[in-house]
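Peer 1:
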Amino acid sequence: MSYWLKDGEDVKPDTPDPHPLLSKGGLRGGVSELKILNFKLRLSRLRRYVLFSITILFLLQFLRIKVLVGGPTASLAFWSINLINVFAFFESFAASKSITMQALTGVLPVAGIYLIFGRAFCGWCCPMDFLFEMVDKIRIQKTGDRRQNVRPLLNSPLDKGRHSGIIGYGIAAGLLAVSAILGVPFFTRYLSHLTNFFMVFNSSVFLALDLPVSKTVLIYSGSALLSLLLLEYFAPRLWCKILCPVGITYGLFNKLSLLKLRFKEGNCGECNLCEQVCYMDVKITHHLDQPGLRDTNCIYCGRCVEGCGTKGKLVSMSLRAHK
Amino acid sequence: MVGTAAILGDNPRVMASAADDPSAGPKGPLPNIGAGGLIRPPGALPEKEFRAKCISCGVCANVCHVMKYDAIAIAGFTPPSPPLAKGGIGGVLNYGTPYIKDMRDFPCGLCMECPKHCPTGALQKVEKENTAMGIALIDFGLCFGWNGDVCLSCSKACPMGAKVFDFYNGEWGNQPYINDNCVGCGLCVKYCPLGGSAIKVITKKQYETVKSSYVSGFKKLMSMPNEERYNIVYSQNLPNIMERGKLVEREYR
Ligand code: SF4
Ligand code: SF4
Ligand code: SF4
Ligand code: SF4
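Quick look at the structure:
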């Protein structure tokens, strides 16, 4: 059973009033919030703090502090560890048809991180996720339409109701092919939200510091970023769910990662609250009979965990291995 | 802290550095010789492979910033090669790749950190001496040393020093000549006191094509009768030098 909220109805996933189970000392099922020194931190808040902290770390490079130098596509941690985005690595490989030692040592730590955290990058570190959320807020305010999903597109004939992400894989593979043919990392250089976000960010700072900047970079990457925000306004998370090969690549890690959504038996009232708040269109309740959920679209934002009427009793996030 | 409006406003120095190739204009040195491509950071792979490997991550540019040189900028769509007119596709291929943009203000300090940290290997580790970013050419018509003066600021700034500079001292001045050992870092470009600099760095590939004419120009000057030289210096070169001193307002950063 699935229904959409009508205007005026409100799921209130963000309201702090605790579920009866919580006040009775529930929460045994897993975490829906972290308790640090008496501060209760909801996951949806926590991940914004994480994004904020990462941004601050990146900002330190402009004060010439060697903590995190570079941008979200690739960076240099502590002046010694190279980190390179997995899809960018593949594109560079496809375009040049060769692999260097540097690229290999840069991609391995990142692959290691995502073997643990799966696609959490998208929900916790990607700046676009935050910007998209702002756009979502504007759309909801303007239209009153709370729907986050683009079902018609996901339910295309190619992928009829299976949500296997087959279109996304097709696009990612196509982009790799284009890179190989053109001999340039095509997506990463021209289209990537991460590259364009970095270019806007970096060029603005360099411009403000009176350092050499090509203005066309700022203009191009700025317009590319704006187009993405516009796309988000009209087709919520179409980018994240289908178009973005970076997310698709990290989605593959979801199949193996330690981090996953876990279910406890029983108690599901089939209210579908979790699916209503999931903006990645994950069919959470379809997986209830399984011990965990390994959907390539899950970005571990934690909204389902908070949205579920049982508040962490039924759905939870877990790093532990399955029993 | 200055506002962006102020920066983009009428500050001539900033306007000069914000243009995509400040030394390429008619007021720059050797206006007839194009740079022949972007001057890449040290250790860059050959152009085609470089563009294939580089993922526009900006690590090199920001490493350069952290090292306090700020030499590397990310190329936009406008830089010179290969121009649309010559059957190329403009700067599209170069978009997003790093280059040394403004040697007049931000030459490469040869700290050799960027190749160490490029995550894709588009920049490969290289010894300072073996770097081949480009080659610096002196415009003999603009250089003080070739027009009756003593300057040699370029040779004093050059980190390669005597390996690179040959001097032909004579009655026309202390004439410096930069030989093929130049690594193309551009420090000389910055420290040349002439307005707009008398030195231009071009890619080694471009140098192959202009070498013969440049060298023959040099030889011609060296063997030129005094009277002819006198005419050139006083009727052409010195007025040009004076004009550049007046036209190009700049200060060292
Ligand atoms: S660090 Fe390497 S891959 Fe990154 S922008 Fe510079 S040259 Fe390209
Ligand atoms: S070697 Fe040159 S371009 Fe590279 S970081 Fe140092 S100063 Fe910048
Ligand atoms: S001559 Fe100029 S560009 Fe060449 S190595 Fe010396 S300072 Fe650098
Ligand atoms: S610094 Fe400039 S003017 Fe002085 S000798 Fe060198 S090229 Fe000539």
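Taken in order, these protein sequences are the chains called W and F. The numbering of the first sequence is my numbering, which starts it at 134 and goes up by one. The numbering of the second sequence is my numbering, which starts it at 31 and goes up by one. A virtual CB, placed ideally from N, CA and C, is assigned to each residue, including glycine.
Got a sec: does ligand 3 put a non-hydrogen atom nearer than 7 Å to the Cβ of A187 of chain F?
Peer 2: Reading the second sequence from its first residue, position 157 is the one you call residue 187 of chain F. True, at least one ligand heavy atom lies under 7 Å from that Cβ.
Peer 1: Please work out which residues of its chain come closer than 7 Å, Cβ to Cβ, to E142 of chain W, disregarding the five sequence neighbours upstream and downstream, and give them in chain order.
Peer 2: As a first step, residue 142 of chain W is located in the first sequence; it is residue number 9 there, counting from the start. Its pLDDT being 45, under 50, E142 of chain W is placed unreliably by the model, and the measurement read from it follows with that caveat. Taken in chain order, the list of residues that qualify is empty.
Peer 1: Flag E266 of chain W as yes if its beta-carbon sits less than 8 Å from any beta-carbon of chain C, otherwise no.
Peer 2: You won't find chain C in this structure, because its protein chains are W and F.
Peer 1: Shortest alpha-carbon distance to G303 of chain W belongs to which of W:A253, W:K374, W:G239, W:G355?
Peer 2: The residue you call residue 303 of chain W lines up with position 170 of the first sequence. It is W:K374 whose Cα lies nearest to the Cα of G303 of chain W.
Peer 1: Let me know the secondary structure DSSP gives I271 of chain W once reduced to three states.
Peer 2: One-based indexing of the first sequence puts residue 271 of chain W at position 138. Correct three-state label for I271 of chain W: helix.
Peer 1: Who pairs with G355 of chain W in a beta bridge, going by DSSP?
Peer 2: What you label residue 355 of chain W is simply residue 222 of the first sequence in a count that begins at 1. Note: G355 of chain W sits in no beta bridge, so no partner.
Peer 1: Under 8 Å between the Cβ atoms of G355 of chain W and C407 of chain W?
Peer 2: Along the first sequence, read from residue 1 onward, the residue named residue 355 of chain W stands at position 222. Along the first sequence, read from residue 1 onward, the residue named residue 407 of chain W stands at position 274. Contact: no.
Peer 1: Return the chain-ordered list of same chain residues with a C-beta closer than 6 Å to the C-beta of G139 of chain F, the five sequence neighbours on each side being excluded.
Peer 2: Here residue 139 of chain F refers to the residue found at position 109 of the second sequence. The residues are Y99.
Peer 1: Between W:T328, W:V333, W:G425, which has its C-alpha nearest L389 of chain W's C-alpha?
Peer 2: On the first sequence, position 256 is the one that residue 389 of chain W refers to. Closest option to L389 of chain W, Cα to Cα, is W:G425.
Peer 1: Considering only their Cβ atoms, is the gap separating A105 of chain F from N92 of chain F smaller than 8 Å?
Peer 2: By one-based count along the second sequence, residue 92 of chain F stands at place 62. By one-based count along the second sequence, residue 105 of chain F stands at place 75. No, the Cβ-Cβ distance between N92 of chain F and A105 of chain F is not below 8 Å.
Peer 1: Would you check if the distance between the CB atom of S232 of chain W and the CB atom of F226 of chain W is smaller than 8 Å?
Peer 2: Taking the first sequence and counting its residues from 1, the one referred to as residue 232 of chain W is at position 99. Taking the first sequence and counting its residues from 1, the one referred to as residue 226 of chain W is at position 93. A small correction: the amino acid at residue 232 of chain W is Ile; Ser does not occupy that position in the sequence shown. In contact: I232 of chain W and F226 of chain W (Cβ atoms closer than 8 Å).
Peer 1: Can you tell me which of the three DSSP states A285 of chain F falls into?
Peer 2: Residue numbering for chain F in the displayed model covers 31 to 283; residue 285 of chain F lies beyond these limits and cannot be assessed.
Peer 1: Please report how far the alpha carbon of T321 of chain W lies from the alpha carbon of T349 of chain W, in whole angstroms.
Peer 2: For the purposes of this step, residue 321 of chain W is taken as the residue at position 188 of the first sequence. For the purposes of this step, residue 349 of chain W is taken as the residue at position 216 of the first sequence. Each residue's Cα considered, the two are about 17 Å apart.
Peer 1: Take every Cβ of the stretch 78-87 of chain F, pair it with every Cβ of the stretch 172-186 of chain F, and state whether three or more of those distances are shorter than 8 Å.
Peer 2: Taking 8 Å as the limit for Cβ pairs, the verdict is that the stretch 172-186 of chain F does not touch the stretch 78-87 of chain F.
Peer 1: Skipping 5 residues on each side, what residues in its chain have a beta carbon closer than 7 Å to that of C94 of chain F?
Peer 2: Taking the first residue of the second sequence as position 1, residue 94 of chain F is located at position 64. D100, A101, I102, C144, listed in sequence order.
Peer 1: When burial is assigned at 16 or more other CB atoms within 10 Å of the CB, is Q235 of chain W buried or exposed?
Peer 2: Residue numbering aside, residue 235 of chain W sits at position 102 when the first sequence is read from its first letter. By the 10 Å Cβ count, Q235 of chain W comes out buried.
Peer 1: With DSSP as the reference, please indicate the residues paired to P61 of chain F in a beta bridge.
Peer 2: Your numbering for residue 61 of chain F matches position 31 in the second sequence. P61 of chain F pairs with nothing; no bridge assigned.
Peer 1: Checking 8 Å against the spacing of the C-beta atoms, do N329 of chain W and A357 of chain W come in under that value?
Peer 2: The residue labelled residue 329 of chain W in the question sits at position 196 within the first sequence. The residue labelled residue 357 of chain W in the question sits at position 224 within the first sequence. Yes, Cβ-Cβ distance for N329 of chain W and A357 of chain W is below 8 Å.
Peer 1: Suppose you measure from the CA of I229 of chain F to the CA of Y323 of chain W; what does that come to, to the nearest Å?
Peer 2: For the purposes of this step, residue 229 of chain F is taken as residue 199 along the second sequence, with counting starting at 1. For the purposes of this step, residue 323 of chain W is taken as residue 190 along the first sequence, with counting starting at 1. When rounded, the distance between both Cα atoms is 34 Å.
Peer 1: Would the beta-carbon of A74 of chain F be found less than 7 Å away from any heavy atom of ligand 3?
Peer 2: Reading the second sequence from its first residue, position 44 is the one you call residue 74 of chain F. The answer is no for A74 of chain F.
Peer 1: Which residues mark the beginning and the end of the alpha helix (DSSP H) in which M252 of chain F is found?
Peer 2: For this step, residue 252 of chain F is matched to residue 222 along the second sequence. Looking at the DSSP string, the run of the alpha helix (DSSP H) that includes M252 of chain F is 234-252.
Peer 1: By a C-beta neighbour count over all protein chains shown, 10 Å radius and 16 as the cutoff for buried, is P269 of chain F buried or exposed?
Peer 2: Translated into the one-based positions of the second sequence, residue 269 of chain F becomes position 239. When all chains shown are included, P269 of chain F counts as exposed.
Peer 1: What residues are listed by DSSP as bridge partners for V180 of chain F?
Peer 2: One-based indexing of the second sequence puts residue 180 of chain F at position 150. Paired residue(s): none; V180 of chain F is not in a bridge.
Peer 1: Taking the alpha carbon of I271 of chain W as the reference point, which residue from W:A244, W:T429, W:P369 has its own alpha carbon closest?
Peer 2: Start at 1 with the first residue of the first sequence, and residue 271 of chain W comes out as number 138. Out of W:A244, W:T429, W:P369, W:P369 has the C-alpha closest to the C-alpha of I271 of chain W.
Peer 1: For V96 of chain F, return the contacting residues in chain W, with the cut-off set at a CB-CB distance below 7 Å.
Peer 2: The residue given as residue 96 of chain F occupies position 66 in the second sequence. Within 7 Å Cβ-Cβ: Q194, R197, K199, V202.
Peer 1: In whole angstroms, give me the CA-to-CA distance for F170 of chain F and M254 of chain F.
Peer 2: By one-based count along the second sequence, residue 170 of chain F stands at place 140. By one-based count along the second sequence, residue 254 of chain F stands at place 224. C-alpha separation (whole angstroms): 13 Å.
Peer 1: For chain W, check one thing: does any of its Cβ atoms lie closer than 8 Å to the Cβ of P149 of chain F?
Peer 2: Start at 1 with the first residue of the second sequence, and residue 149 of chain F comes out as number 119. For P149 of chain F, the answer is yes, since a Cβ of chain W falls inside 8 Å of its Cβ.
Peer 1: To the nearest angstrom, how far is it from the Cα of V194 of chain F to the Cα of C212 of chain F?
Peer 2: Position 164 of the second sequence, counted from the first residue, corresponds to residue 194 of chain F. Position 182 of the second sequence, counted from the first residue, corresponds to residue 212 of chain F. Using only the alpha carbons, I get a separation of about 5 Å.
Peer 1: Determine contact between the stretch 425-434 of chain W and the stretch 250-267 of chain W, defined as no fewer than three beta-carbon pairs at a distance below 8 Å.
Peer 2: The answer is yes - the stretch 250-267 of chain W touches the stretch 425-434 of chain W, with three or more Cβ pairs under 8 Å.
Peer 1: Any beta-carbon of chain F closer than 8 Å to the one on P242 of chain W?
Peer 2: To locate residue 242 of chain W, count along the first sequence from 1; it is residue 109. False, the Cβ-Cβ gap to chain F never drops below 8 Å.
Peer 1: Pick from W:W257, W:I314, W:V448: whose alpha carbon is nearest that of S177 of chain W?
Peer 2: Mapped onto the first sequence, residue 177 of chain W falls at position 44. Here the closest residue by C-alpha is W:W257.
Peer 1: May I ask you to report which of helix, strand or coil DSSP gives G226 of chain F?
Peer 2: Locating residue 226 of chain F in the second sequence gives position 196, counting from the first residue. Of the three classes helix, strand and coil, the one that applies to G226 of chain F here is coil, per DSSP.
Peer 1: In three-state DSSP terms, what is L140 of chain F?
Peer 2: In the second sequence, the residue the question calls residue 140 of chain F occupies position 110. Correct three-state label for L140 of chain F: coil.
Peer 1: For a quick check, are the C-beta atoms of V231 of chain F and A166 of chain F less than 8 Å apart?
Peer 2: One-based indexing of the second sequence puts residue 231 of chain F at position 201. One-based indexing of the second sequence puts residue 166 of chain F at position 136. Yes. Within cutoff.
Peer 1: Given that a residue counts as buried once 16 or more other Cβ atoms are within 10 Å of its Cβ, and exposed if not, what is E365 of chain W?
Peer 2: Working through the first sequence from its first residue, we reach residue 365 of chain W at position 232. Answer is buried; the Cβ neighbour count reaches 16.
Peer 1: Who are the Cβ neighbours of C437 of chain W in its own chain at under 6 Å, not counting the five residues just before and after it?
Peer 2: Residue numbering aside, residue 437 of chain W sits at position 304 when the first sequence is read from its first letter. Closer than 6 Å at Cβ, skipping near neighbours: C407, C411, I417, V448.
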